[in-house]
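A.B. asks: Starting off with a structure, shown below.
Number of protein chains: 2
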Amino acid sequence: MSQPQIDSSNADRRSQILEAALVCFAKRGFHQTSMHDISGEAGISVGLIYRYFENKEAVISAMADRHKEEIQQMLERARQAPSLLESLEILFTAHCCENEPRLISAFVVDLYAEASRNPHVADLTRDVLETAMAGVRDLIARAPEGQNTGNNLTPGDLAELIFAVARGMLMLDVLRPHEMTAAERRTRQLEVTRRLWRLLFKPEGELAYA
Amino acid sequence: MSQPQIDSSNADRRSQILEAALVCFAKRGFHQTSMHDISGEAGISVGLIYRYFENKEAVISAMADRHKEEIQQMLERARQAPSLLESLEILFTAHCCENEPRLISAFVVDLYAEASRNPHVADLTRDVLETAMAGVRDLIARAPEGQNTGNNLTPGDLAELIFAVARGMLMLDVLRPHEMTAAERRTRQLEVTRRLWRLLFKPEGELAYA
DNA sequence: TGACAATGAATGAACGTTCATTCATCTTCC
DNA sequence: GGAAGATGAATGAACGTTCATTCATTGTCA
Numbered sequence: 082m083s084q085p086q087i088d089s090s091n092a093d094r095r096s097q098i099l100e101a102a103l104v105c106f107a108k109r110g111f112h113q114t115s116m117h118d119i120s121g122e123a124g125i126s127v128g129l130i131y132r133y134f135e136n137k138e139a140v141i142s143a144m145a146d147r148h149k150e151e152i153q154q155m156l157e158r159a160r161q162a163p164s165l166l167e168s169l170e171i172l173f174t175a176h177c178c179e180n181e182p183r184l185i186s187a188f189v190v191d192l193y194a195e196a197s198r199n200p201h202v203a204d205l206t207r208d209v210l211e212t213a214m215a216g217v218r219d220l221i222a223r224a225p226e227g228q229n230t231g232n233n234l235t236p237g238d239l240a241e242l243i244f245a246v247a248r249g250m251l252m253l254d255v256l257r258p259h260e261m262t263a264a265e266r267r268t269r270q271l272e273v274t275r276r277l278w279r280l281l282f283k284p285e286g287e288l289a290y291a
Numbered sequence: 082m083s084q085p086q087i088d089s090s091n092a093d094r095r096s097q098i099l100e101a102a103l104v105c106f107a108k109r110g111f112h113q114t115s116m117h118d119i120s121g122e123a124g125i126s127v128g129l130i131y132r133y134f135e136n137k138e139a140v141i142s143a144m145a146d147r148h149k150e151e152i153q154q155m156l157e158r159a160r161q162a163p164s165l166l167e168s169l170e171i172l173f174t175a176h177c178c179e180n181e182p183r184l185i186s187a188f189v190v191d192l193y194a195e196a197s198r199n200p201h202v203a204d205l206t207r208d209v210l211e212t213a214m215a216g217v218r219d220l221i222a223r224a225p226e227g228q229n230t231g232n233n234l235t236p237g238d239l240a241e242l243i244f245a246v247a248r249g250m251l252m253l254d255v256l257r258p259h260e261m262t263a264a265e266r267r268t269r270q271l272e273v274t275r276r277l278w279r280l281l282f283k284p285e286g287e288l289a290y291a
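Note that the protein sequences, when read in sequence, are chains Z and P. To get the working numbering, take the position in the first sequence, counting from 1, and add 81. To get the working numbering, take the position in the second sequence, counting from 1, and add 81.
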């Protein structure tokens, strides 16, 4: 029952397996991915996966955990940007568009689909989301651009809207034809998202003369 | 009722099966739902499903088709509302919140997840989305509230933002604990969505004095 | 009308396949 | 030698799909 100790070599194996699982899950989805697929992608045997993870669901859960850690690192980076808009750009470029955009989008949509029927995954995902939203809410509350935006919205309201659009664009991303390049996809995604940010954080006075 | 018996009974059976499939897909997802689950939910035998659908994928496709028809009916109803905000309310209340909200949300998220790896489903889903977006773009372009909103956004831009938020809130919906009632879920979803609409379609002049 | 033929909707056991998981076995390294 | 790491064939359950069979309904004809 007990998991093996997570020392450094174990951690390497674990992340090797998780890396392979991400590729497979994004390509085929959780339930169409077999343990053999993952072992093949990782270049190891099937049985070895069970040395590091109790079962398939534990692999899924571990990936949600890893996703949370990645998001926290991004929040850290975003906090250091000089302006709110730049913070948001760092956050949502990294979250949705960096590296292999389609991979991440497909994984996240699948994660939410899984969350809709697996309460444990739902808890994990909610946790990830709440951590990220709290971070952005905080970012807005501290930024001068976040004050007096002239639309009577609290930092919480603003964060909610920002995340809703980000999730929505991520969902749209999985519909894009495979021919579209990562760069095109990224551009399209940011275009819409940026329009919202500008709308939410317009410099004072700009509207009156628009 | 005056239709030829074979046709009407065929159509009845098909929608009976699709109804059962929606319940199963929303509860367990496409790939965790067995044909036996669907036949059990519909109260018929497994073999009978294959008289009405070529295979499991054809059931999924037929559901996407049905979804498109439902959305077109909603667009029709929305067009008749007296104001743009009321049109949007009809559209997105019906689309995301009516009847069994969690059922529809879970189905749609799963549909996008499936679309991310099944080009045929992606085409169907893109088609549904483009039809709906064109309808809303048109609605905005015709409405007086859609003109001169003071933010330099085209009806296309506005529709894109509206749909992004709608998809994002739908995704959030599947994370809600099961204890939450349909009414609560619906309220939360509409709160955020309405904030965007007001932001996008503020009456002229309101901003200058905010 | 009543006897018989024809139909095809409906059934569910059976088939071949795939999958998650196990474990006897082999390898590596101290 | 032996402990831990790694293997992959074996297992049995579950799956999508098929098809021989049943039987209520409909059509035909004396």
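All C-beta atoms, glycine included, are put in the ideal place defined by N, C-alpha and C. Computed from a prediction, not measured in an experiment: that's the story for all the values here.
1. Could you spell out where the alpha helix (DSSP H) holding Leu256 of chain P opens and where it closes?
2. Report buried or exposed for Tyr131 of chain Z, applying the criterion of at least 16 other Cβ atoms within 10 angstroms of its Cβ.
3. In whole angstroms, what separates the C-alpha of Ile119 of chain Z from that of Thr274 of chain P?
4. With DSSP collapsed to three states, give me the class of Lys283 of chain Z.
5. Pairs of beta-carbons, one from the region 233-248 of chain P and one from the region 276-284 of chain Z, closer than 8 angstroms: are there three or more?
6. Could you check which residue in Z:Asp204, Z:Asn136 and Z:Gly124 has the C-alpha nearest to that of Arg257 of chain P?
7. Please list, in chain order, all residues of the same chain as Phe111 of chain Z whose beta carbon is under 7 angstroms from its beta carbon, the five residues on each side excluded.
8. Which residues in the same chain have their Cβ closer than 6 angstroms to the Cβ of Leu271 of chain P, if we skip the five residues on either side of it in sequence?
9. Using a cut-off of 9 angstroms between C-beta atoms, extract the partners of Val140 of chain P located in chain Z.
10. Is it the case that the Cβ atoms of Ala187 of chain Z and Ala107 of chain Z are separated by a distance below 7 angstroms?
11. So if I threshold CB-CB distances at 7 angstroms, which residues from the region 104-118 of chain Z count as touching chain P?
12. With a cut-off of 8 angstroms on the beta carbons, I'd call Met189 of chain P and Leu251 of chain P a contact; round off their distance for me.
13. For the alpha helix (DSSP H) that Gln154 of chain Z lies in, which residues bound it at each end?
14. Would you please state the rounded distance, in angstroms, between the beta carbons of Val209 of chain Z and Ala145 of chain Z? I believe it to be under 8 angstroms.
15. State yes or no: is the beta carbon of Arg299 of chain Z nearer than 7 angstroms to at least one beta carbon in chain P?
16. Taking contact to mean 3 or more Cβ pairs, one atom from each stretch, closer than 8 angstroms, check whether the region 216-232 of chain P and the region 228-241 of chain Z are in contact.
17. At a CB-CB cut-off below 9 angstroms, which residues of chain P make contact with Phe244 of chain Z?
18. Between the C-alpha atoms of Ile171 of chain P and Ala162 of chain P, what's the straight-line distance to the nearest angstrom?
19. What did DSSP end up calling Cys178 of chain P once you bin it into helix, strand or coil?
20. For the alpha helix (DSSP H) that Glu122 of chain P lies in, which residues bound it at each end?
21. With 7 angstroms set as the bound, which would you pick, yes or no: does the beta-carbon of Cys178 of chain P sit closer than that to a beta-carbon of chain Z?
22. Taking 7 angstroms as the CB-CB cut-off, is Thr268 of chain P touching chain Z?
23. Using a Cβ cut-off of 7 angstroms (strictly closer), state whether Ser168 of chain Z contacts chain P.
24. Label Val127 of chain P either buried or exposed according to how many other C-beta atoms from any shown protein chain fall within 10 Å of its C-beta, with 16 as the threshold for buried.
25. So for Leu277 of chain Z, helix, strand or coil by DSSP?
26. Have a look at Glu100 of chain P and Ala123 of chain P and give me their C-alpha separation to the nearest angstrom.
27. Shortest alpha-carbon distance to Arg95 of chain P belongs to which of P:Thr114, P:Arg109 and P:Arg147?
28. Using 7 angstroms as the threshold, is the C-beta distance between Arg218 of chain Z and Gly237 of chain Z below it?
29. Quick one: grab the DSSP three-state call for Ala291 of chain P.
30. Have a look at P:Glu135, P:Glu150 and P:Arg183 and flag the residue whose alpha-carbon is nearest the alpha-carbon of Ala263 of chain P.
31. Please classify Arg266 of chain P: is it buried, with 16 or more other beta-carbons within 10 angstroms of its beta-carbon, or exposed?
32. CA-CA distance, Leu288 of chain Z and Asn232 of chain P?
33. Report yes if the C-beta distance between Ala213 of chain P and Ile152 of chain P is below 7 angstroms; otherwise report no.
34. Please state the DSSP three-state secondary structure of His112 of chain Z.
35. Consult DSSP for Ala224 of chain P and reduce its assignment to one of helix, strand or coil.
36. If I'm right that Leu165 of chain P touches Leu220 of chain P with Cβ under 8 angstroms, what's the distance once you round it to whole angstroms?
C.D. replies: Checking against the coordinates, here is how it stands:
1. Translated into positions along the second sequence, residue 256 of chain P becomes position 175. No alpha helix (DSSP H) holds Leu256 of chain P; DSSP gives it neither H nor E.
2. Locating residue 131 of chain Z in the first sequence gives position 50, counting from the first residue. Counting Cβ neighbours within 10 Å, Tyr131 of chain Z comes out exposed, since fewer than 16 surround it.
3. The count along the first sequence starts at 1 and reaches residue 119 of chain Z at position 38. The count along the second sequence starts at 1 and reaches residue 274 of chain P at position 193. Rounded to the nearest angstrom, the two C-alpha atoms are 40 angstroms apart.
4. Translated into the one-based positions of the first sequence, residue 283 of chain Z becomes position 202. In the structure shown, Lys283 of chain Z sits in coil (DSSP, three-state: anything other than H, G, I, E or B).
5. yes
6. Translated into the one-based positions of the second sequence, residue 257 of chain P becomes position 176. Closest option to Arg257 of chain P, Cα to Cα, is Z:Asp204.
7. Here residue 111 of chain Z corresponds to residue number 30 of the first sequence, with the count starting at 1. Excluding sequence neighbours, Phe111 of chain Z sits near Ile141, Asp191 and Glu195.
8. Here the question's residue 271 of chain P lines up with position 190 in the second sequence. Taking C-beta separations shorter than 6 angstroms and ignoring five residues to either side along the sequence, Leu271 of chain P has no partners in its chain.
9. Here the question's residue 140 of chain P lines up with position 59 in the second sequence. Neighbours of Val140 of chain P on chain Z: none; closest Cβ ~16 angstroms, over 9 angstroms.
10. Your numbering for residue 187 of chain Z matches position 106 in the first sequence. Your numbering for residue 107 of chain Z matches position 26 in the first sequence. Against a cut-off of 7 angstroms, the Cβ pair of Ala107 of chain Z and Ala187 of chain Z comes out as a contact.
11. Lys108, Arg109, Gly110, His112 and Gln113
12. Sequence index remark: in the second sequence, residue 189 of chain P carries index 108 (1-based). Sequence index remark: in the second sequence, residue 251 of chain P carries index 170 (1-based). First, the amino acid is wrong: residue 189 of chain P is Val here, not Met. Going by Cβ atoms, the distance from Val189 of chain P to Leu251 of chain P rounds to 6 angstroms, so yes, they are a contact pair.
13. Along the first sequence, read from residue 1 onward, the residue named residue 154 of chain Z stands at position 73. Run containing Gln154 of chain Z: Lys137 to Arg160, per the alpha helix (DSSP H) assignment.
14. Taking the first sequence and counting its residues from 1, the one referred to as residue 209 of chain Z is at position 128. Taking the first sequence and counting its residues from 1, the one referred to as residue 145 of chain Z is at position 64. 7 angstroms between Cβ atoms; contact.
15. With chain Z running from 82 to 291 in the structure shown, residue 299 of chain Z is simply not present.
16. no
17. Here the question's residue 244 of chain Z lines up with position 163 in the first sequence. The contacting residues are Gly249 and Leu253.
18. Taking the second sequence and counting its residues from 1, one reaches residue 171 of chain P at position 90. Taking the second sequence and counting its residues from 1, one reaches residue 162 of chain P at position 81. If I take the Cα positions, the gap works out to 8 angstroms.
19. Taking the first residue of the second sequence as position 1, residue 178 of chain P is located at position 97. In this prediction, Cys178 of chain P scores a pLDDT of 48, lower than 50, which makes its location untrustworthy; no coordinate-derived value is stated.
20. In the second sequence, residue 122 of chain P corresponds to position 41, counting from 1. Unbroken alpha helix (DSSP H) run through Glu122 of chain P: Met116 to Ala123.
21. Reading the second sequence from its first residue, position 97 is the one you call residue 178 of chain P. In this prediction, Cys178 of chain P has a pLDDT of 48, which is less than 50 and means its spatial position is unreliable; what the coordinates show is noted afterwards. With 7 angstroms as the cut-off, Cys178 of chain P does not count as an interface residue toward chain Z.
22. For the purposes of this step, residue 268 of chain P is identified with residue 187 of the second sequence, where counting begins at 1. No, Thr268 of chain P lies away from the interface with chain Z (no Cβ there is under 7 angstroms from its Cβ).
23. For the purposes of this step, residue 168 of chain Z is identified with residue 87 of the first sequence, where counting begins at 1. Output row for Ser168 of chain Z: interface = no.
24. Here residue 127 of chain P corresponds to residue number 46 of the second sequence, with the count starting at 1. With fewer than 16 Cβ atoms within 10 Å of its Cβ, Val127 of chain P is classed as exposed.
25. Your numbering for residue 277 of chain Z matches position 196 in the first sequence. The answer is helix: DSSP assigns Leu277 of chain Z an H, G or I state.
26. The residue given as residue 100 of chain P occupies position 19 in the second sequence. The residue given as residue 123 of chain P occupies position 42 in the second sequence. Looking at the two C-alpha atoms, the distance is approximately 8 angstroms.
27. Counted from its first residue, the second sequence places residue 95 of chain P at position 14. Closest option to Arg95 of chain P, Cα to Cα, is P:Arg147.
28. Translated into positions along the first sequence, residue 218 of chain Z becomes position 137. Translated into positions along the first sequence, residue 237 of chain Z becomes position 156. Cβ distance < 7 angstroms, so Arg218 of chain Z and Gly237 of chain Z count as in contact.
29. Numbered from 1 along the second sequence, position 210 holds the residue referred to as residue 291 of chain P. Its pLDDT being 38, under 50, Ala291 of chain P is placed unreliably by the model, and the measurement read from it follows with that caveat. It is coil, neither helix nor strand.
30. Stepping through the second sequence from its first residue, residue 263 of chain P is reached at position 182. Of the listed residues, the one whose Cα sits closest to Ala263 of chain P is P:Arg183.
31. Within the second sequence, numbered from 1, the residue matching residue 266 of chain P stands at position 185. Burial is judged here by how many other beta carbons sit within 10 angstroms of a residue's own beta carbon; Arg266 of chain P has at least 16 and is buried.
32. Numbered from 1 along the first sequence, position 207 holds the residue referred to as residue 288 of chain Z. Numbered from 1 along the second sequence, position 151 holds the residue referred to as residue 232 of chain P. Any reading at Leu288 of chain Z is ruled out, since the residue's pLDDT is 46, under 50, leaving its predicted position unreliable.
33. Position 132 of the second sequence, counted from the start, is the residue given in the question as residue 213 of chain P. Position 71 of the second sequence, counted from the start, is the residue given in the question as residue 152 of chain P. Contact check for Ala213 of chain P against Ile152 of chain P passes: the beta carbons are separated by less than 7 angstroms.
34. Working through the first sequence from its first residue, we reach residue 112 of chain Z at position 31. Three-state DSSP puts His112 of chain Z in coil, outside helix and strand.
35. If you number the second sequence from 1, residue 224 of chain P lands on position 143. Ala224 of chain P falls in the coil class under three-state DSSP.
36. Walking along the second sequence from the start, residue 165 of chain P turns up at place 84. Walking along the second sequence from the start, residue 220 of chain P turns up at place 139. Rounded, the Cβ-Cβ distance is 7 angstroms, consistent with contact.
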